[in-house]
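These notes concern the structure reproduced below.
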Amino acid sequence: MLSRHLDDIKASAVIGTYKNELKNVADILQRIPLWRPGAALSAQCDAAVDMIGRLGDRLDRKLVVSLIGPCGSGKSTLINALAGKDGLSETGIRRPTTRNVRAVVRRATDAAMFREQVNAGQMTVITAPEAPVLDHMVLVDTPDTDSTQQAAHIPLIEEIIGLSDILVCVFDGENPKRKDHVDFMAPYVKRFHGMSLIAVVNKCDRQSETELKEQIMPAFSGFLSDSWDQQVNNLFCVSARSHLEHPDWDPGTEPRHGFDQYDDLYGLIHDTFGKSGFNTTQRLRNAGQIRNHVMKEVGATVQAVKNELADSAGLMRQSEAGAMKSAVSALKSDPVRQHLGINVQLYQKLTQRWVGPVGWLIAIWARILVFGSGFAAMFRLGNPLRMLFGAFSAVKHYKSSTAAVKAVKEGRQTTSAMVQYRMAVMQDWPDIAEKLVGAGFSESIRHADAVLVANDGLSDDILDLWTDTLEQCLDTNADRLSNFALQIVFNLPPVGMLAYVGWLTTTRFLSGNILSSDFFLHAFLTIGIVLFLTFFIFQGIARILANGTKVYRQTFESLQNRVRTYRTISRSPVGEQIEQLLQLTD
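The numbering of the sequence shown is my numbering, which starts it at 112 and goes up by one.
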């Protein structure tokens, strides 16, 4: 009892795994609305989940063995023969012979699963308590697949197939290669695991034994394999009527020979399918078959267009890389103004890093760069008009320099860059869209707006790339010009002079020998000369190593490298859906 309970738990887990795998694929397909085949494949996944769910719901119930066939194939006769009792399922020459579903069961309760799915008026339950074959299964006779009431019968047949564990496809031995019946069964047989699918050629007694063995059956086996795209392992040639209790042969219609594989068919159904626990095993196999079939369908559909998708994704990456290069090139306009802004920002960053006397001069110089030469003219003695002009010049230069800094920080040319980007993408997009439409994408993607991000978003992206890259380059150069050793070297001379003057002043004061004012004047002039000299040397080094032009060039070189991996159209809805489709081929 415990072992059976554990087996049921394991079986339920397998069923749950299959369902989750299909649900995941369906979710991916639903997130790809632009790909036209996705809707049908998603619906197929949902239907498979429902079928597997039904299998899981009836794991512990009896096997359902359903017979499907066209008019006159002898389905009802075969049902009666298998059950061992004539007349259970109606036979005769009236067409259609079987007008509704007939379930042959040991007990009426065995048909409970059908009552939940099939209307009472469309189903007849026939009990046969003495039939050994019904110990572990239910036999189901279905309406003819080609009757005059086909429109009403087909949905009923499809419902029964969905409830079946073993599918027995019955063919008339006098004309087994009926293409309409074979084609009708083709989509349904793919749901059944090898052993679950049985093909029966009935009325073999009416054909020549030699022809059956050497021509008809070998040819029919190949015909089924080609038509259904799978090997049919269980193919039997039988004379069902010969195994009725009362065959009642008309004169001249007796069997022409004794070649009959009915006993093999009965042994498979009764002995193999009738084993304890076979129902659970077979339903798990069928669930796996359904899962594998749908996965194969999805994979084959995507695989058929994989090259087009991969090519399109590659072209999109090339297009966006080229478009970003065009956008970056547009940022290079007005370089003089941008160089000024870069110099101002560099000295502002140096101000934050330097200490000591040289650091003070760097801070003063950073402010001078903002106000310009007019700042000095304001304090120059002489012509009042020149002083007034200096004031205006300082204000004007302040506005110019702050505007330059703002232009550099905000990337004032991003509008032009955005235009260049869009133009480059729109030039490449028709060829890309043509490939995607050929791969099954909607015609709506022919419009480039399907992949171009909004103007604000694109402008923000370009601005972020520019400002981040510029900040990194400025920080790198500022750090290089502000290392500890360099600050020691440049601060040491003025600090040494200050220390020496301070030492002389202190010692003379303590000894009562007060130094003259001339000493202090010369001392401070010397300190100033040393300080300014070291600062000028520092400026020379800064101009060589990190002038505006060099930082500007470094920024654009770094920016060019970053835009190679920048994604805009490949992260658009179209690009994301292509990536998700390609994942389904892994």
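Note that beta-carbon positions come from the ideal geometry of N, C-alpha and C, so glycine has one too.
Can you tell me which of the options puts its alpha carbon nearest to the alpha carbon of residue i?
| i | options | result |
| --- | --- | --- |
| Ser184 | Asp371, Val279, Glu545 | Val279 |
| Ala242 | Leu267, Asp252, Arg218, Gln228 | Arg218 |
| Ser628 | Asn230, Glu431, Thr616, Gln691 | Thr616 |
| Phe595 | His264, Leu461, Ile272 | Leu461 |
| His247 | Lys417, Val175, Gly433, Asn211 | Val175 |
| Lys314 | His292, Gly333, Tyr299, Val281 | Val281 |
| Gln393 | Val160, Ala122, Leu457 | Ala122 |
| Gln691 | Gly549, Gln414, Arg478 | Gln414 |
| His292 | Ile268, Gly305, Gly378 | Ile268 |
| Asn658 | Ala154, Leu457, Lys436 | Leu457 |
| Tyr605 | Phe631, Asp575, Phe646, Ala151 | The amino acid at residue 605 is misidentified as Tyr; the sequence shows Pro. Closest option to Pro605, Cα to Cα, is Phe646. |
| Ser307 | Asp294, Asp579, Gln341 | Gln341 |
| Thr580 | Ile453, Leu597, Ala411, Gly686 | Ile453 |
| Gln538 | Gln400, Met427, Asn418 | Met427 |
| Leu335 | Thr364, Lys290, Glu322 | Lys290 |
| Ala124 | Trp540, Trp614, Leu166, Asn418 | Leu166 |
| Ser669 | Tyr532, Gln583, Gln598 | Gln583 |
| Met608 | Thr587, Leu592, Leu642 | Leu642 |
| Gln429 | Val405, Tyr532, Trp471 | Tyr532 |
| Gln598 | Gly470, Pro541, Val685 | Gly470 |
Name the two residues that bound the continuous alpha helix (DSSP H) containing residue i.
| i | result |
| --- | --- |
| Val612 | 595-621 |
| Thr645 | 628-657 |
| Val300 | 290-300 |
| Asp375 | 373-378 |
| Arg226 | 223-226 |
When DSSP labels each residue in this structure, what does residue i get in the three-state scheme?
| i | result |
| --- | --- |
| Ile730 | No answer is possible for residue 730: it lies beyond the span of the chain, which begins at 112 and ends at 697. |
| Ser683 | coil |
| Asn403 | helix |
| Arg213 | strand |
| Leu395 | helix |
| Ile625 | coil |
| Phe282 | strand |
| Phe389 | helix |
| Asn370 | Note that residue 370 is Phe in the sequence shown here, rather than Asn. Three-state result, Phe370: coil. |
| Phe667 | helix |
| Gly501 | The predicted model places Gly501 with a pLDDT of 40, which falls under 50 and marks its position as unreliable; any figure quoted below should be read in that light. Of the three classes helix, strand and coil, the one that applies to Gly501 here is helix, per DSSP. |
| His83 | With the chain covering 112 to 697 only, the question about residue 83 has no answer from this structure. |
| Asp255 | coil |
Taking 8 Å as the threshold (C-beta atoms), are residue j and residue i in contact?
| i | j | result |
| --- | --- | --- |
| Leu199 | Ile143 | no |
| Val215 | Leu250 | yes |
| Asp316 | Ser258 | no |
| His357 | Asp197 | yes |
| Lys288 | Phe331 | yes |
| Ala192 | Ala239 | no |
| Asn345 | Ile309 | yes |
| Ile271 | Val212 | yes |
| Asp252 | Lys173 | no |
| Phe384 | Ile277 | yes |
| Gly551 | Arg302 | no |
| Val662 | Leu585 | yes |
| Gln694 | Leu145 | no |
| Thr696 | Gly273 | no |
| Arg433 | Ala535 | Correcting the residue type first, residue 433 is Gly in the shown sequence and not Arg. In this structure, Ala535 lies closer than 8 Å to Gly433 by Cβ. |
| Ala154 | Leu133 | no |
| His304 | Gln372 | no |
| Thr412 | Leu152 | yes |
| Val612 | Ile638 | yes |
| Ile163 | Ile120 | no |
Would you mind reading off the limits of the beta strand (DSSP E) that contains residue i?
| i | result |
| --- | --- |
| Val249 | 248-252 |
| Leu308 | 308-313 |
| Ile237 | 234-238 |
Problem - alpha helix (DSSP H) runs contained entirely in the segment 325-362, provided each spans 4 or more residues - result: 328-339
Problem - Contained beta strand (DSSP E) runs [length at least 3] in the segment 135-213, N- to C-terminal order - result: 174-179
Exercise for the section: Could I get the ranges of all uninterrupted alpha helix (DSSP H) runs contained in the segment 539-565, with 4 residues as the minimum, in chain order? Expected result: none
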